[in-house]
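Residue numbers (our numbering): 36 to 958.
Following this line, the structure appears as C-alpha cells:
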C-alpha cells in the first residue's frame with residue numbers, strides 16, 4: 036500500500052476501534068444537504084483530504100514569542116506516545132486546500148496540512164465575518180455568491196504561520212435531473228399518516244447489523260429531529276448502506292464482493308414507485324491514490340413493486356478491486372470504504388456512519404523479499420579512475436520494514452585469482468534497505484597500477500558473497516564474481532602514445548613500460564588501423580617498452596593484419612615476448628618499422644607478408660636492433676623472408692646480435708634477410724635453413740649502403756638461382772664467420788655470389804657449399820667491372836659444383852679475378868682466377884664437421900690437429916678472437932679460418948635444431 040500504509044493504517048485502526056467516525060459525522064447532520072460530499076466522506080473515514088484545484092503553501096515565518104511552561108516532571112512509560120504527541124516540533128510549511136469554486140448554498144470544505152507532528156491550534160477566518168476554531172478540516176456555507184479571502188493560522192509553542200485562500204461562490208443554475216424520478220406521483224388525496232416505524236430498515240442477511248431506530252426519529256426521515264410532515268408528492272427516501280461493517284481480503288485476491296443494502300420507504304397513497312429506476316452512487320476506496328469508482332443499480336433487476344406498505348429492502352453486489360502494492364513484511368492494513376454522491380435526489384446515504392462506511396482489512400500474504408546481487412558477474416578495469424568497483428544489491432520486492440544483509444569479498448588463490456592488497460582491498464560490510472527501498476550499493480577499493488607502468492595482468496577474479504539476511508531470503512545470485520580487468524593492449528599503447536588515459540588505462544608519461552603477465556597469450560582479433568596496411572594495434576608514436584615475461588602477442592581470427600606498426604616518431608622495445616601469426620597484404624608480417632625497433636630476447640615467428648619482410652619490414656631511416664632473439668619460420672611474398680629493409684637513399688640501420696635467423700622463406704630474394712641500402716651489422720648470429728625462391732638463400736644485399744657480418748654462421752640456406760648463402764651487390768665485409776652447407780639450384784655461387792661492389796672476407800671458413808647445376812660451389816664472382824672479392828686468412832675448401840665447374844671458386848671473367856691477400860687456403864682453384872701472394876692451394880684444410888663448438892654460440896668447423904691452417908695466418912689482419920670468442924693467436928701465429936685451434940682441447944657439440952619454445956632466450 037506504499038505511503039498509505041506508513042501514514043494512515045494505524046490511524047484507521049484507532050478510529051474504527053473507538054468508533055470516532057460517529058462523532059465526526061454528527062457535524063454533517065447540521066448541513067443543508069445531509070448527503071456527504073467527497074471531502075466529508077473522507078473525513079468520515081479519516082482519510083487524507085483529496086487535493087482540489089485551490090492550494091496554497093506558506094513557509095514558516097519567525098513567530099511571536101509564546102510563553103511555555105516546561106517542567107522536568109517524569110513521564111510514565113505508558114504515556115510515551117502522548118508525550119511525543121504533545122512535544123512541540125518545529126514546522127516549516129502550512130498547506131491549505133479548499134473545494135472552491137462552490138455553488139451558493141453548498142458547503143465549502145477546507146483542509147490544512149503542516150510539516151509537524153506536534154499539537155497545533157488552528158484558526159479559520161472565512162472572510163465573511165465567520166470564524167472557526169481548531170480542526171485540520173472544516174466546512175462553511177457562504178451567505179452570498181461572491182469572492183472571499185479566507186485566512187488560516189496554525190500555531191504551537193514554537194512557531195506561528197498564516198496563509199490565505201481565495202474562495203469563489205457562484206449562483207446555482209437549474210439543470211435537468213440526469214435520471215427519472217424514483218417516485219412517480221399519482222392523482223389522489225394526499226395522506227400524511229403513512230409513517231414508517233423506524234428509519235433503520237429490517238436486516239438483510241446474517242451479517243447485517245441489528246435494526247435500531249434513532250432515539251428521536253419520529254418522521255421516518257432517518258434523523259433524530261422532530262417529525263417533519265410531508266406534502267403531497269414529496270420524495271420518499273431511499274437509503275443506501277453497506278450490508279457488512281468489515282470485509283476481509285488478501286492482497287493476492289485481486290478483488291472481493293461487497294454488498295449494498297437498498298431500503299425504499301413505502302409510498303403514500305398518492306405515490307407509486309418506478310420499478311425501472313436507475314440509482315447511481317460512488318464509492319471511495321481510500322487506497323494510496325484515493326480511488327473513486329461509480330456503482331450503477333438497475334432496480335428493474337430487483338423485482339420492486341410499484342406499491343407496498345412497509346420498507347422494501349433489496350441488495351446489490353459489486354466487485355471491489357484490491358490493489359497489490361507488492362510490499363512485503365507489512366502488517367494487515369485497514370482501508371476505509373465510503374459511499375458518496377448518491378443520485379437521483381430521492382437517494383440518501385444511511386445516516387448511521389457505521390452503515391455508510393466500511394472497513395476493508397487487507398492481509399499481506401506476500402513472502403519475504405529475496406535479496407541478491409544485481410548480476411552474477413561484474414567486470415571492472417584495474418585502472419578505473421574512481422579507484423573502486425561499485426556493486427549493486429537488490430530486493431525482489433519492496434519491504435515495509437528495514438532489510439539488512441552482510442557482504443564480503445572471498446580470498447582465493449591460483450591462476451586467475453586477484454590478490455588482496457595488490458589488486459583490491461578486502462571488503463566487508465552491511466547493506467541496509469530502508470522501507471520501500473529495493474536497491475543499494477557498496478564499493479570495493481581497486482588498487483591500480485603505477486601511472487608510469489601499465490600492467491596487463493589479464494582478468495583476475497574476486498568471489499563476492501551475501502550472508503546474514505534479516506527480513507529477507509536469499510535469491511538466485513547470493514554469490515557473484517568481480518572480474519578485475521586490466522587495460523587492453525591497444526588501450527595501453529594509446530595511453531602511452533598520447534599520455535592520456537584511454538579506456539581502462541591510465542595516462543602514460545614520456546617513456547612508458549607495458550608489462551605482460553608471465554606466459555600469457557594476448558590475442559588480437561580485429562584491425563585497429565590501416566597505417567601502411569592493416570594493423571592489429573595502434574601505431575607506436577612514442578617511446579614504449581613491452582616487458583613480455585615470455586608471453587605471446589598473436590593475431591587471432593580471420594582478419595589479416597600485422598601485429599605492430601612503428602611510426603617515424605615511435606620507439607618500441609620488445610623484451611621476452613613472442614610476436615606471431617601476423618598476416619598482412621603489405622610489408623612486414625609481424626612488424627613494420629619506420630622509427631626505432633629493438634627486439635630483445637624475443638621471438639618473431641610464423642608471420643606472413645604478401646610483400647617484403649615476412650617477419651619484420653623496415654623502411655626509410657628506421658633503426659632495427661635484434662638482440663638474443665629468434666626470427667624464424669616467416670614468409671614473404673617478396674624479399675626478406677625473415678627481415679627486409681628498404682633504405683635506398685636513407686640512413687636506415689639494422690643491427691643483429693646473438694640471434695637466430697632460421698627457417699624463413701622469400702618468394703623473391705633474401706630468404707633470411709633482404710636489405711637494400713642503409714647500414715647493416717650482423718654479429719654472433721646463426722643464419723640457417725632459410726630459402727629464397729630467387730637469389731640469396733641466407734642474405735640478399737643489393738647494395739646502396741654497407742654490410743658487416745661478424746662471428747656469424749651462414750649455414751644450410753638454399754636459393755633457386757644465385758647465391759645459396761649470400762648474394763652481394765654492394766660494399767660488404769665478412770669477418771670470423773662460417774659459410775657452410777649452403778646450396779643453390781641453377782646459376783651458381785653455392786656459398787657466395789658477388790656481383791658489383793666490393794666483398795672483403797677475413798678469417799672465414801667457406802666449406803661444404805654446393806651448386807646443383809651452376810658454377811662456383813663456394814664462391815662465384817661475376818664479370819661486372821665493379822665486382823671485387825678479397826680474401827684474407829680465409830679457408831675456401833670442400834665446396835662442390837655438381838654439374839658445373841669451379842667447385843671452390845669460379846670467376847666469370849679472368850679480368851675480374853679473386854684477390855688473395857695475406858695467407859688464404861684455397862683447396863681447388865679450377866676455373867678460378869686468383870691474384871695475390873701467400874696463398875695455399877691444392878691443400879686439404881683438415882676440417883672437422885660443422886658443430887656448435889664450445890664456447891661458441893654459432894656453428895663452426897674446428898681444425899684438426901694436422902690442419903695446415905694452424906699458425907698459418909697473418910697476425911696483422913687476424914681479429915683478436917675467433918668466431919667463438921676464443922682469443923687469437925693460441926701459438927706462434929693466428930690460424931687461418933674462423934676457428935682458432937687450441938692444442939689438446941676440443942669440445943665439439945653436434946648441431947642442434949632448436950624448437951621455437953627452446954629459443955626463448957633467458958639472458
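Cβ coordinates follow ideal geometry from the N, Cα and C atoms, glycine included.
Around the Cβ of residue 343, a 10 Å sphere holds fewer than 16 other Cβ atoms; the residue is exposed.
Secondary structure note for residue 304: it is in no beta strand (DSSP E), with a DSSP letter that is neither H nor E.
When only Cα atoms are considered, residue 737 and residue 708 end up about 11 Å apart. Under a 10 Å Cβ-count criterion, residue 474 is classified as exposed, with fewer than 16 other Cβ atoms of the shown protein chains found around its own Cβ.
Contact annotation: the segment 861 to 878 touches the segment 820 to 836, with at least three C-beta pairs closer than 8 Å. Here residue 783 is near residue 839, since their CB atoms are less than 8 Å apart. For residue 390, no beta strand (DSSP E) encloses it; the enclosing alpha helix (DSSP H) starts and ends at 388 to 391. Excluding five sequence positions before and after residue 815, the CB atoms of its chain that fall closer than 6 Å to its own CB belong to 783, 784, 788 and 845, given in chain order.
Judged by their CB atoms, residue 638 and residue 601 are not nearer to each other than the 8 Å cut-off.
Within the same chain, 590, 597, 598, 624, 625 and 642 come within 6 Å of residue 617 by CB-CB distance, once the 5 residues on both sides are set aside. Close CB contacts of residue 438 within its chain, under the 7 Å cut and outside five residues either way in sequence, are with 404, 406, 430, 468, 505, 506 and 507 (chain order). Residue 557 has its alpha-carbon roughly 22 Å from the corresponding atom of residue 413. Using a Cβ distance threshold of 8 Å, residue 275 and residue 377 count as a contacting pair. In the displayed model, residue 935 falls within coil according to three-state DSSP, outside both helix and strand. In the structure shown, residue 525 falls within a helical segment according to DSSP collapsed to helix, strand and coil. At the C-beta level, residue 691 and residue 717 come within 8 Å of one another. Of the candidates 749, 538, 739 and 779, 779 places its Cα closest to the Cα of residue 837. As the crow flies, the alpha-carbon of residue 578 is around 24 Å from that of residue 554. The three-state secondary structure of residue 546, taken from DSSP, is coil. DSSP places residue 859 within a strand segment (E or B) once states are collapsed to three. Excluding sequence positions up to five before and after residue 795, its CB lies within less than 7 Å of the CB of 768 and 825, all in the same chain and listed in chain order. Between residue 560 and the set 594, 581, 575 and 205, the nearest pair of CA atoms involves 594.
DSSP places residue 369 inside the beta strand (DSSP E), whose first and last residues are 368 to 378.
Proximity of the segment 540 to 550 to the segment 565 to 573 falls short of the contact definition, fewer than three beta-carbon pairs being nearer than 8 Å. Inter-residue distance for residue 350 and residue 329 is about 16 Å (C-alpha atoms, whole angstroms).
Assignment of residue 531 by DSSP, reduced to helix, strand and coil, places it in the helix class. In the DSSP annotation of this structure, the continuous segment of the beta strand (DSSP E) that includes residue 659 starts and ends at 658 to 662. Between the alpha carbons of residue 464 and residue 390 lies a gap of roughly 54 Å. Assignment of beta-bridge partners to residue 749 by DSSP yields 722 and 774. In chain order, 396 and 398 place their CB closer than 6 Å to the CB of residue 367, counting only its own chain and leaving out the 5 sequence neighbours on each side. Across the set 934, 657 and 441, the C-alpha of 934 shows the shortest separation from the C-alpha of residue 882. Unbroken beta strand (DSSP E) stretches of 3 residues or longer found wholly inside the segment 777 to 831: 787 to 789, 793 to 797, 800 to 802, 814 to 816 and 823 to 827, given in chain order.
Nearest C-alpha to residue 646 among 665, 661 and 677: 677. In this structure, the CA atom of residue 741 is about 31 Å from the CA atom of residue 936. In the three-state reduction of the DSSP assignment, residue 286 falls in the helix class, which pools H, G and I. DSSP, reduced to helix, strand and coil, places residue 424 within a strand of the structure shown.
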